[in-house]
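Worksheet: the structure to be examined is printed underneath.
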Amino acid sequence: KAGVTQTPRYLIKTRGQQVTLSCSPISGHRSVSWYQQTPGQGLQFLFEYFSETQRNKGNFPGRFSGRQFSNSRSEMNVSTLELGDSALYLCASSLEGQYQETQYFGPGTRLLVL
Amino acid sequence: AQRVTQPEKLLSVFKGAPVELKCNYSYSGSPELFWYVQYSRQRLQLLLRHISRESIKGFTADLNKGETSFHLKKPFAQEEDSAMYYCALSGFGDVGGNKLTFGTGTQLKVEL
Chain R
1 KAGVTQTPRY LIKTRGQQVT LSCSPISGHR SVSWYQQTPG QGLQFLFEYF SETQRNKGNF
61 PGRFSGRQFS NSRSEMNVST LELGDSALYL CASSLEGQYQ ETQYFGPGTR LLVL
Chain L
115 AQRVTQPEKL LSVFKGAPVE LKCNYSYSGS PELFWYVQYS RQRLQLLLRH ISRESIKGFT
175 ADLNKGETSF HLKKPFAQEE DSAMYYCALS GFGDVGGNKL TFGTGTQLKV EL
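So the sequence lines, in the order shown, correspond to chains R and L.
Going by our numbering, the residue at position 86 of the first sequence is 86; the numbering climbs one at a time, nothing skipped.
One rule links them: number in our numbering = place in the second sequence (from 1) + 114.
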């Protein structure tokens, strides 16, 4: 099976702009999670989607949002970008999003905010 | 609140030496513990998880609930083991979805 794919791989934006990142999970996986990775804070959970519904949310401001489509593909959006939003954004998928399931990660989208 | 602690940022060992990467966790319920690895220029991938009780690439990890630890061990380090290792926790009973809480990671460097 093809792995988790993320587009775009690299992105440069300026402060105040908004950005949309896309994630395609492994075929058959219905749960998609998003994580932010920075040198200072490490890997932090953003949110998780299952059957087009957000089931779990991390401690991030409302500028961070996401959605999931009926084919399980997911997008995340960051509005009013700040310099501190520069990070690697990782998407992960799993079958049902149960706590004991393995999550499979994509290569990430590297966002640079200038 | 759940927390995962990896006390070592960098661990340097010689090839053939034993390896132990430390991981301690804090969680009030029943956790599932994972070790993820990231090799240079590759994506984050699962190395092993407690529920499977597998040995992958010679690595093992035992969940010690008394000490709330899930240390990763390998008796003889290989050059190809050089990578970034993350310990992660997922909590049974968390409201919806398997949210992973990660440690800060340990960079393992195996020297010849």
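Idealized CB from N, CA, C, for every residue including glycine.
Asked, Found
"Contacts that L/Arg117 makes with chain R (C-beta to C-beta distance below 9 Å)", "Residues of chain R passing the Cβ test: none, with the nearest at roughly 12 Å."
"Contact check, R/Leu112 vs R/Tyr10, beta carbons under 9 Å", "yes"
"Contact residues within the segment 53-77 of chain R, judged by C-beta distance below 8 Å to chain L", "Arg55, Asn56 and Gly58"
"Cβ neighbour criterion (16 or more within 10 Å) applied to L/Ala202", "buried"
"9 Å Cβ cutoff, R/Thr109 in contact with chain L", "no"
"Buried/exposed call for R/Thr80, threshold 16 Cβ in 10 Å", "exposed"
"Close-in-space but distant-in-sequence residues of the same chain around R/Gln53 (CB under 8 Å, 5 per side omitted)", "Residue identity differs from the one stated: residue 53 of chain R is Thr in this sequence, not Gln. For R/Thr53, where only same-chain residues beyond five positions count, the Cβ hits under 8 Å are Gln68."
"Per DSSP, cross-strand counterpart(s) of R/Gly42", "R/Thr38"
"Closest by C-alpha distance to L/Cys137, when choosing among L/Gly205, L/Ser183, L/Thr174 and L/Thr218", "L/Ser183"
"Interface flag, L/Asn212 vs chain R, CB-CB below 9 Å", "yes"
"Near-chain R residues of the segment 176-197 of chain L - C-beta to any C-beta below 9 Å", "none"
"Residues in the segment 13-43 of chain R having any Cβ partner in chain L nearer than 8 Å", "Ser31, Ser33, Tyr35, Gly42 and Leu43"
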